[in-house]
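K.L.:
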Amino acid sequence: MDVELIMDRDRFAAMEPIWNEVLARSGVNHPFVTHEWISAWWDNFQPSGTPYILAVKDGSRVVAIAPLMLDYGKMYGCSIRRLRGMGNVYSERFELLLGERPQEASEALWKYLAAHADRWDVLELRQLPAESQTLTFLSGLAERARCSVGCWPSTESPYVTVRDSWDAYHNSLKKVHRADMRKRMACLEQLGPVELDIVTSDRDLDKDFGDALRLESAAWKGAQGTAIESRDDSREFYRNVMTFAAKSGWLQLYFLVVAGKRIAVRIGLFFHNRLYMLKSGYDPEYATYSPSHLLCDKMLREAWNHKFTEADFLGNSERWKLSWSTNVRPHYWLFVFPRRPMPWILYSLKFRLLPRIHRTPLYASFRSAVARFGITSNDA
């Protein structure tokens, strides 16, 4: 197998047909490394780095793709050249597209990366699920090459496996949660008919997208500046996502409607018979009815009605998500440092020295003290 390096944006754009063909052969069941998703991400966030896409070829046939980019950053005050996956905080999951022969493809990719290790100081792959072939094969190859390899635990994303009957699943939830849902639904129904509105096309995209953004930012997200519409790049990114998702048959935009008024939203993508739940929000005027929970109940009923395989909440294991499932999917960040003094020092700081310091009683006392002064954990 040979490896071709692609660093040109136009050549990346031309790869769409073969990219998604390789993705299908790789068994990747999420949309976050599709050509459409990464194109929308690159065009709207315009990262400062350079595409560093590795195409593994068997003869003239592309059999695997590593969607990487090369940029510059800081780690513990040191300037570094970072080879990382194409994505950011909005990219819920990552994977190299290893095709039908993942072991061989991984070996070819690692051989290329190792041969050109003078170009990078750290390989950083974020949000790899625990079952990731990338995590399994690439970390093993790097360790055998005596590189420094670290794995950092990230989010644990709750998910619901759609199996058995709806009644069996629903009865498995805590009684207090089920009772609370019945009570709040009964109260909401006093205001008028409660319905689920599912948008799957871009026929009225301006209105639907506007309603989604309004609801997503209406409560605390807008005030904290974390809503989609708080930034031009995130707003246009999600507009592009909804546009290509509608054209591809992936869009699942759910609204909870009472008396004809949309009061809660969940932006979802339907991919490989799985529902991926992205952003959500609600009108705070209806907060006492728990509209997000009521919407979730109706969405999951739809998942059962249409025999989805899974409903994935994505993100971290927040308490409200765990009301619906205690199954979680762990994610990891994989770090590989080449065999040079400076990368080894950075590895030792991140995965040896600092974890030991964090476990000391003195550090816990320090964090507690700075918290009392309103300093965030990221500052300390």
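Numbering (my numbering), first residue to last: 91 to 470.
Heads up, the beta-carbon is just placed ideally off N, CA and C, and yes, glycines get one too.
Computed from a prediction, not measured in an experiment: that's the story for all the values here.
1. Looking at the structure shown, is H421 part of a helix, part of a strand, or coil, going by DSSP?
2. At what residues does the beta strand (DSSP E) containing D161 begin and finish?
3. Please check the pair L218 and Y422, which I expect to be a contact at CB under 8 Å, by giving their CB distance rounded to whole angstroms.
4. For the 8 Å Cβ check, are there 3 or more pairs between the stretch 325-339 and the stretch 283-303?
5. Using the three-state DSSP reduction, which class does K147 fall into: helix, strand or coil?
6. Tell me whether P192 sits in a helix, a strand or coil according to DSSP, three-state version.
7. State the start and end residues of the unbroken beta strand (DSSP E) segment that holds R356.
8. According to DSSP, is G371 helix, strand or coil?
9. On the criterion of 16 or more Cβ atoms from any shown chain inside 10 Å, does R216 qualify as buried, or is it exposed?
10. Could you tell me whether the stretch 373-381 touches the stretch 343-355, using the rule of 3 or more Cβ pairs below 8 Å?
11. Cα separation between S291 and A336?
12. Starting from S407, follow the alpha helix (DSSP H) in both directions and report where the run begins and ends.
13. If you draw a straight line from the alpha carbon of V426 to that of V239, how long is it in whole angstroms?
14. Quick check: R174 and L158, are their CB atoms within less than 8 Å of each other?
15. Just confirm the distance between the C-beta atoms of D387 and Y249, as a whole number of angstroms; I'd bet it's less than 8 Å.
16. Look at the Cβ atom of L278, then the Cβ atom of L113, and state whether they are nearer than 8 Å.
17. By Cβ distance below 6 Å, which residues in the same chain neighbour W210 in space, the five residues on each side in sequence not counted?
18. To the nearest angstrom, how far is it from the Cα of R253 to the Cα of E285?
19. Ends of the alpha helix (DSSP H) at W132?
20. With H, G and I counted as helix, E and B as strand and the rest as coil, what does DSSP make of L263?
P.N.:
This is what the structure gives:
1. Residue mapping note: residue 421 aligns to position 331 of the sequence shown, counting from 1. Three-state result, H421: strand.
2. Counting from one through the sequence shown, the residue named residue 161 turns up at place 71. Residues 158-165.
3. To locate residue 218, count along the sequence shown from 1; it is residue 128. To locate residue 422, count along the sequence shown from 1; it is residue 332. The pair is a contact, with the Cβ atoms about 5 Å apart (cut-off 8 Å).
4. yes
5. Position 57 of the sequence shown, counting from 1, holds the residue named residue 147. Looking at K147 - three-state DSSP - the assignment turns out to be strand.
6. As a first step, residue 192 must be located in the sequence shown, where it is residue number 102. Of the three classes helix, strand and coil, the one that applies to P192 here is helix, per DSSP.
7. Translated into positions along the sequence shown, residue 356 becomes position 266. 351-361 is the extent of the beta strand (DSSP E) around R356.
8. Taking the first residue of the sequence shown as 1, we reach residue 371 at position 281. G371: strand per DSSP, three-state reduction.
9. Residue numbering aside, residue 216 sits at position 126 when the sequence shown is read from its first letter. Its Cβ being crowded by 16 or more others within 10 Å, R216 is buried.
10. yes
11. For the purposes of this step, residue 291 is taken as the residue at position 201 of the sequence shown. For the purposes of this step, residue 336 is taken as the residue at position 246 of the sequence shown. Straight-line Cα distance between these residues: approximately 5 Å.
12. Taking the sequence shown and counting its residues from 1, one reaches residue 407 at position 317. Note, S407: premise wrong, no alpha helix (DSSP H); not H, not E.
13. To locate residue 426, count along the sequence shown from 1; it is residue 336. To locate residue 239, count along the sequence shown from 1; it is residue 149. C-alpha separation (whole angstroms): 5 Å.
14. Sequence index remark: in the sequence shown, residue 174 carries index 84 (1-based). Sequence index remark: in the sequence shown, residue 158 carries index 68 (1-based). Result yes, Cβ atoms of R174 and L158 sit closer than 8 Å.
15. Taking the sequence shown and counting its residues from 1, one reaches residue 387 at position 297. Taking the sequence shown and counting its residues from 1, one reaches residue 249 at position 159. Contact flag wrong, Cβ pair sits at about 16 Å.
16. Translated into the one-based positions of the sequence shown, residue 278 becomes position 188. Translated into the one-based positions of the sequence shown, residue 113 becomes position 23. Against a cut-off of 8 Å, the Cβ pair of L113 and L278 comes out as no contact.
17. Counted from its first residue, the sequence shown places residue 210 at position 120. R171, L173.
18. Translated into the one-based positions of the sequence shown, residue 253 becomes position 163. Translated into the one-based positions of the sequence shown, residue 285 becomes position 195. R253 and E285: Cα-Cα distance of roughly 24 Å.
19. By one-based count along the sequence shown, residue 132 stands at place 42. Here the alpha helix (DSSP H) through W132 covers 125-135.
20. Sequence index remark: in the sequence shown, residue 263 carries index 173 (1-based). Of the three classes helix, strand and coil, the one that applies to L263 here is coil, per DSSP.
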